[in-house]
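With my numbering applied, the sequence shown covers 1187 to 1495. A quick write-up on the structure given underneath.
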Amino acid sequence: MILLFVSDVDSAGDWRRELAKHVPDLELRVWPELGDPTEIEAALVWRPPPGLLDRLPNLRIVFSLGAGVDHIFADPSLPPGVPIVRLVDPYMTTAMSEYVQLQVLRLHRRDPVYRAQQQARIWRQWPQPNAAERRVGVLGLGVLGSDAALKLKVLGFDLAGWSRTERKLPGVACFHGADGLAALLERTDILVCLLPLTPATEGILDAALFARLPQGAALVNCARGRHLVEADLLAALDSGRLAAAVLDVFREEPLPPEHPFWRHERILLTPHVAAATYPPTAARAVAEGLRRFADGRPLLNRVDRSERY
Ligand code: NAP
Ligand code: GLV
1187 MILLFVSDVD SAGDWRRELA KHVPDLELRV WPELGDPTEI EAALVWRPPP
1237 GLLDRLPNLR IVFSLGAGVD HIFADPSLPP GVPIVRLVDP YMTTAMSEYV
1287 QLQVLRLHRR DPVYRAQQQA RIWRQWPQPN AAERRVGVLG LGVLGSDAAL
1337 KLKVLGFDLA GWSRTERKLP GVACFHGADG LAALLERTDI LVCLLPLTPA
1387 TEGILDAALF ARLPQGAALV NCARGRHLVE ADLLAALDSG RLAAAVLDVF
1437 REEPLPPEHP FWRHERILLT PHVAAATYPP TAARAVAEGL RRFADGRPLL
1487 NRVDRSERY
């Protein structure tokens, strides 16, 4: 089978080596080398150039190089009917939960305040609630959100989560749907966004949502930049509605040097590294998908095209 690899050319060597361990007879073509487009049956992509996949008349399956698939749906000429498989990799799940635990602990232990105090050489001790008194709400209870929620629970936090359809997680107060969101927000001191970016979730982190959080709540967004209305976040931080925000993802990446987030004293940011795709483990998941596809077995982690995740 011929698989078209569409991403940064630098990572192609790693993917060629790792996929060869699992699918030795696979031919990997690295975009922009297309060869005969009619020979390509599968594609492994991150942000494919719009129109590219539509130029492959015999394309029968698309694999996402990330857990999110919004970068694939961004192509208005995405061929209809071709199955899309997203990346689910235990390494990535663990990495995301590490990130979420780190950032929630930083906020819980007032690390942004103490960093600012250190800069100003201020010795001031603040009262420290224990984790059981800190209410954490996780938006998105899928592969990543549910693992993060359960690991935060182990740290002792008071956990709630929100999903589109009803979910149950031990020790986590689960809410779903529009009514459930309001209920979750009013009992959330630290809000973690792990939603997929879809038409239903774009811009969800806006002034109306912040207004439903308790005064002085904090935000961790490690899903997608387009979930956040940036001006609303700045206004919420300025008014004290939000005390702090940790951001891993941005509307424009890399974040432009002149962007106000860089220097905001109550924003901690990282450059989209919460859970990067790691070829040695991710290749196993892609190889399993290729084998299932070749054998005509049901695909795992197939995207629901109507829900866009
Ligand atoms: P997933 O398994 O598909 O889970 C998505 C969750 O969001 C599900 O619980 C789903 O509800 C919920 N959801 C979707 N639409 C909703 C809506 N309209 N209202 C309420 N809940 C909704 O996705 P995942 O693997 O956990 O990944 C989540 C996202 O993380 C990815 O899409 C990606 O954008 C982001 N991500 C970021 C990084 C990074 O490095 N920053 C790395 C990997 C992934 P149901 O359970 O009812 O379906
Ligand atoms: C990264 O952001 C991913 O979607 O895997």
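By construction, the Cβ of each residue, glycine as well, lies at the ideal position given by its N, Cα and C atoms.
Starting from the Cα of residue i, find the closest Cα among the options and give me that residue.
{"i": "I1247", "options": "E1493, G1267 and G1331", "result": "G1267"}
{"i": "P1315", "options": "D1375, V1358, P1262 and P1457", "result": "D1375"}
{"i": "H1149", "options": "E1219, R1241 and G1342", "result": "The structure shown does not extend to residue 1149, since the chain is modelled only from 1187 to 1495, so the question has no answer here."}
{"i": "A1403", "options": "E1388, A1394 and L1423", "result": "L1423"}
{"i": "D1196", "options": "V1216, P1440 and H1208", "result": "V1216"}
{"i": "L1330", "options": "H1413, P1210, S1193 and L1273", "result": "L1273"}
{"i": "T1224", "options": "W1448, L1264, L1190 and A1462", "result": "L1190"}
{"i": "L1251", "options": "A1281, A1198 and V1299", "result": "A1198"}
{"i": "A1417", "options": "D1392, M1187 and P1440", "result": "D1392"}
{"i": "P1265", "options": "L1238, L1291 and C1360", "result": "L1238"}
{"i": "Y1464", "options": "V1340, T1351, P1440 and P1276", "result": "P1276"}
Suppose you measure from the CA of residue i to the CA of residue j; what does that come to, to the nearest Å?
{"i": "M1278", "j": "I1226", "result": "28 Å"}
{"i": "Q1304", "j": "L1485", "result": "52 Å"}
{"i": "E1204", "j": "L1230", "result": "13 Å"}
{"i": "D1222", "j": "H1458", "result": "35 Å"}
{"i": "K1337", "j": "R1353", "result": "17 Å"}
{"i": "A1430", "j": "C1379", "result": "14 Å"}
{"i": "D1200", "j": "A1397", "result": "46 Å"}
{"i": "E1451", "j": "L1245", "result": "48 Å"}
{"i": "G1347", "j": "G1323", "result": "5 Å"}
{"i": "A1364", "j": "P1234", "result": "33 Å"}
{"i": "P1446", "j": "S1332", "result": "32 Å"}
{"i": "R1491", "j": "L1476", "result": "19 Å"}
{"i": "W1232", "j": "R1241", "result": "17 Å"}
{"i": "A1253", "j": "L1454", "result": "23 Å"}
{"i": "R1427", "j": "P1400", "result": "8 Å"}
{"i": "D1211", "j": "E1493", "result": "34 Å"}
{"i": "T1467", "j": "K1207", "result": "11 Å"}
{"i": "R1307", "j": "P1356", "result": "43 Å"}
{"i": "V1271", "j": "V1472", "result": "9 Å"}
{"i": "F1259", "j": "R1412", "result": "14 Å"}
{"i": "R1320", "j": "R1410", "result": "25 Å"}
{"i": "P1382", "j": "V1415", "result": "16 Å"}
Comparing the CB of residue i with every heavy atom of the ligand NAP, is any distance shorter than 7 Å?
{"i": "R1491", "result": "no"}
{"i": "D1434", "result": "yes"}
{"i": "H1458", "result": "yes"}
{"i": "Y1464", "result": "no"}
{"i": "V1329", "result": "yes"}
{"i": "G1402", "result": "no"}
{"i": "Y1277", "result": "no"}
{"i": "P1382", "result": "yes"}
{"i": "C1408", "result": "yes"}
{"i": "R1353", "result": "yes"}
{"i": "T1387", "result": "yes"}
{"i": "R1398", "result": "no"}
Could you name the residues that DSSP lists as bridge partners for residue i?
{"i": "S1250", "result": "V1231"}
{"i": "A1468", "result": "The partner list for A1468 (beta bridge, DSSP) is empty, contrary to what the question assumes."}
{"i": "H1362", "result": "S1349"}
Quick one: is the Cβ of residue i within less than 7 Å of any heavy atom of the ligand HEM?
{"i": "Y1495", "result": "Here the bound small molecules are the ligand NAP and the ligand GLV; the ligand HEM is not part of this structure."}
Item to check | Under 5 Å, CB to nearest heavy atom of the ligand GLV: contacting residues | outcome: In chain order, the qualifying residues are G1252, A1253 and G1254.
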